[in-house]
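Working notes for the structure below.
There are 2 protein chains.
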Amino acid sequence: MATWLTASEMRAWRSFIESVSTLMAALENDLAPFGLNNGDYEVLVRLSEADDQRLRMCDLACALHLSPSGLTRRLDGLVKGGLVERVASPTDRRVMYAALTPAGRTKLTEAAPDHVASVRNRFFKGMTKDQIRELGDIFEKMRDNLAAST
Amino acid sequence: MATWLTASEMRAWRSFIESVSTLMAALENDLAPFGLNNGDYEVLVRLSEADDQRLRMCDLACALHLSPSGLTRRLDGLVKGGLVERVASPTDRRVMYAALTPAGRTKLTEAAPDHVASVRNRFFKGMTKDQIRELGDIFEKMRDNLAAST
DNA sequence: CTCCTTTAATTGCGGACACAACTATTGTAG
DNA sequence: CTACAATAGTTGTGTCCGCAATTAAAGGAG
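Sequence lines, in order, name chains A and B. For the first sequence, the residue numbers in this note's numbering are 1 to 150. For the second sequence, the residue numbers in this note's numbering are 151 to 300.
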């Protein structure tokens, strides 16, 4: 166990780090024509996948790895844009739901095909099926690993 | 090509995105005892690898994918901490060099082993040699791909 | 040499986010 | 029932960073 990375590790690590920052910027750029950024898009996706197209603020924050305040302000923007609305819970008055509006759903259906193409073009481009599966194996394990060490 | 991701792509993509955000937070956390964050650490590494342990601001900004203003302020912090100093170029008076100080070099030698251990523990944990090589192949290609499409 | 363009760095401004403090509501121990 | 603890969300404050404007210097065309 050396105190430094092996050449192979270094190659993987450096290219990974480099790719991540460039990739995120590129995806964000591809979403810009729709007036969305990555964070907004993720909110819309999560809401669209939820029952009744709505989620409690705290659950949404957790899913997006956002702090409560971060989510509050992100939602402010989406609410101002009419894509999401805040709905008070009738059963628990502490709770606010973030709910997808029809405009939000429309926006997502507009943006999704481009976003998917963008992910294919930036991320999966040139990967074989085997590599994609391998990547899934690696990062699922990493995700679980990271979740366990929290 | 469908407008949606295949199950295999989705698995890879979701776990990748999830891992990235958690991973970065974990690495940052591991560096905190040294009073550094990821960005600071990256600056120190780049400078330590450079000739004379110094780089022009613009080259450093480019290497780190930071905007000029972003680098200026990041350096402000490191300069205040005594880890880096600004050195004017004698040949081109527009240019400022960011130069590693002895204290900066010391800090890096202190932090590096922990950081490497952190990368091994968070990122490479449980990966086979083959997977590491495969990961290098995939992300080197992605990096080149992304650089080409800019 | 003079003017114009390009390059390097900084500063003003605004956006996004985390932490901590606060309010409001709910759950729970006694 | 009352008091305390836990939970949900918002707001104040500070940090990090990008964009646009600015300053300063170097390079190039005529």
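C-beta: ideal position from N, C-alpha, C; glycine also. It should be emphasised that the depicted structure is a prediction, and the values quoted were computed from it without experimental measurement.
With a cut-off of 8 Å, does the C-beta of A/Q53 fall near any C-beta of chain B?
-> Along the first sequence, one-based indexing puts residue 53 of chain A at 53. Chain B, which has no Cβ nearer than 8 Å to the Cβ of A/Q53, makes this no.
Proximal chain B residues relative to A/S118, where beta-carbon distance stays under 8 Å | Taking the first sequence and counting its residues from 1, one reaches residue 118 of chain A at position 118. Correct list: empty, because the minimum Cβ distance to chain B is about 11 Å.
Indicate whether at least one CB of chain A lies closer than 8 Å to the CB of B/L285.
-> What you label residue 285 of chain B is simply residue 135 of the second sequence in a count that begins at 1. Closer than 8 Å to some Cβ of chain A, the Cβ of B/L285 qualifies, so yes.
Could you tell me the distance, in whole angstroms, from the CA atom of B/L186 to the CA atom of B/E178?
-> Translated into positions along the second sequence, residue 186 of chain B becomes position 36. Translated into positions along the second sequence, residue 178 of chain B becomes position 28. Each residue's alpha carbon lies about 8 Å from the other.
What residues from chain A crowd round B/T259, counting only those whose CB sits closer than 9 Å?
-> Residue mapping note: residue 259 of chain B aligns to position 109 of the second sequence, counting from 1. By Cβ distance, chain A contributes nothing, its closest Cβ being about 10 Å from B/T259, past 9 Å.
Determine the contact status of B/L197 and B/A262, defining contact as a CB-CB distance below 8 Å.
-> Indexing the second sequence from 1 puts residue 197 of chain B at position 47. Indexing the second sequence from 1 puts residue 262 of chain B at position 112. No; because the gap between Cβ atoms is not below 8 Å, this pair is not in contact.
Give the single residue among B/G254, B/A267, B/T278, B/F274 whose Cα lies nearest to the Cα of B/E199.
-> Looking up residue 199 of chain B in the second sequence gives position 49. Residue B/G254 is the option with its Cα nearest to B/E199.
Tell me, to the nearest whole angstrom, how far the beta carbon of B/F274 is from that of A/E9; I am working on the premise that it is less than 8 Å.
-> Within the second sequence, residue 274 of chain B is the residue found at index 124, counting from 1. Within the first sequence, residue 9 of chain A is the residue found at index 9, counting from 1. Confirmed, Cβ separation roughly 6 Å.
Does any CB atom of chain B fall closer than 8 Å to the CB of A/L47?
-> Stepping through the first sequence from its first residue, residue 47 of chain A is reached at position 47. Chain B, which has no Cβ nearer than 8 Å to the Cβ of A/L47, makes this no.
Give the interface partners of A/L5 over in chain B, defined as CB-CB distance under 8 Å, in chain order.
-> Stepping through the first sequence from its first residue, residue 5 of chain A is reached at position 5. V266, V269, R270, listed in chain order.
Under 9 Å by beta carbon: chain B residues contacting A/T72 = Here residue 72 of chain A refers to the residue found at position 72 when the first sequence is read from its first residue. Under the 9 Å cutoff, chain B gives no residues; its nearest Cβ is about 19 Å from A/T72.
Residue burial classification, B/R293 (beta-carbon count within 10 angstroms, cutoff 16) = Looking up residue 293 of chain B in the second sequence gives position 143. Classification for B/R293: buried.
Alpha carbon to alpha carbon, how far is B/M207 from A/W4? Give it in angstroms, no decimals.
-> For the purposes of this step, residue 4 of chain A is identified with residue 4 of the first sequence, where counting begins at 1. For the purposes of this step, residue 207 of chain B is identified with residue 57 of the second sequence, where counting begins at 1. Each residue's alpha carbon lies about 27 Å from the other.
Who are the Cβ neighbours of B/A175 in its own chain at under 8 Å, not counting the five residues just before and after it?
-> On the second sequence, residue 175 of chain B is found 25 positions in, with the first residue counted as 1. If we look at B/A175 and ignore the five residues flanking it on each side, it has no Cβ neighbours.
Mind listing which residues of the stretch 19-38 of chain A have their C-beta closer than 7 Å to chain B's C-betas, in chain order?
-> S19, V20, S21, T22, L23, A26
Simplified DSSP assignment, three categories, for A/L60 | Along the first sequence, read from residue 1 onward, the residue named residue 60 of chain A stands at position 60. Residue state for A/L60 is assigned as helix, using DSSP reduced to three classes.
Mind checking whether B/L250 and B/V234 have CB atoms under 8 Å apart?
-> Within the second sequence, the letter at position 100 stands for residue 250 of chain B. Within the second sequence, the letter at position 84 stands for residue 234 of chain B. For B/L250 and B/V234, yes; Cβs fall inside 8 Å.
Cross-strand partners of B/E260 (DSSP beta bridge) = In the second sequence, residue 260 of chain B corresponds to position 110, counting from 1. The partner list for B/E260 (beta bridge, DSSP) is empty, contrary to what the question assumes.
If contact means a Cβ-Cβ distance below 8 Å, which residues of the stretch 213-237 of chain B contact chain A?
-> Cβ contacts with chain A: H215.
DSSP puts A/L71 in a beta bridge; with which residues?
-> Here residue 71 of chain A corresponds to residue number 71 of the first sequence, with the count starting at 1. A/L71 is not bridged to any residue.
A/D30 and A/D114: beta carbons closer than 8 Å?
-> Position 30 of the first sequence, counting from 1, holds the residue named residue 30 of chain A. Position 114 of the first sequence, counting from 1, holds the residue named residue 114 of chain A. Closer than 8 Å, so yes.
Using the beta-carbon count (16 or more within 10 Å), is B/T278 buried or exposed?
-> Residue numbering aside, residue 278 of chain B sits at position 128 when the second sequence is read from its first letter. Exposed, by the Cβ-count rule.
What is the DSSP secondary structure of B/R236, reduced to helix, strand or coil?
-> Reading the second sequence from its first residue, position 86 is the one you call residue 236 of chain B. DSSP places B/R236 in strand when its eight states are reduced to three.
Since A/Q53 and B/E284 are thought to touch, with beta carbons under 8 Å apart, how far apart are those beta carbons, to the nearest angstrom?
-> As a working note, residue 53 of chain A is residue 53 in the first sequence. As a working note, residue 284 of chain B is residue 134 in the second sequence. Taking a contact as a CB-CB distance under 8 Å, the pair A/Q53 and B/E284 does not count as one, their CB atoms being some 39 Å apart.
To which residues of the same chain is A/S67 closer than 8 Å at the C-beta, ignoring the five residues directly before and after it?
-> The sequence position of residue 67 of chain A within the first sequence is 67, counting from 1. Here A/S67 has A61 as same chain residues with Cβ atoms under 8 Å from its own Cβ, once five neighbours each way along the sequence are excluded.
Within 10 angstroms of its Cβ, does A/K80 collect 16 or more other Cβ (buried), or is it exposed?
-> As a first step, residue 80 of chain A is located in the first sequence; it is residue number 80 there, counting from the start. A/K80 is exposed by the Cβ-count criterion.
Might you give, ordered along the chain, the residues of its own chain that have their beta carbon closer than 7 Å to the beta carbon of A/V110, omitting 5 neighbours on each side?
-> Taking the first residue of the first sequence as position 1, residue 110 of chain A is located at position 110. It is Glu, not Val, that sits at residue 110 of chain A in the sequence shown. Taking C-beta separations shorter than 7 Å and ignoring five residues to either side along the sequence, the partners of A/E110 in its chain run F34, following chain order.
Residues bridged to B/R204 [DSSP beta-bridge criterion] | Here the question's residue 204 of chain B lines up with position 54 in the second sequence. According to DSSP, which records beta bridges pairwise, B/R204 is partnered with B/A249.
What's the gap between the Cα of B/R243 and the Cα of B/D209?
-> Against the second sequence, residue 243 of chain B aligns to sequence position 93. Against the second sequence, residue 209 of chain B aligns to sequence position 59. Going by the C-alpha atoms only, they are around 16 Å apart.
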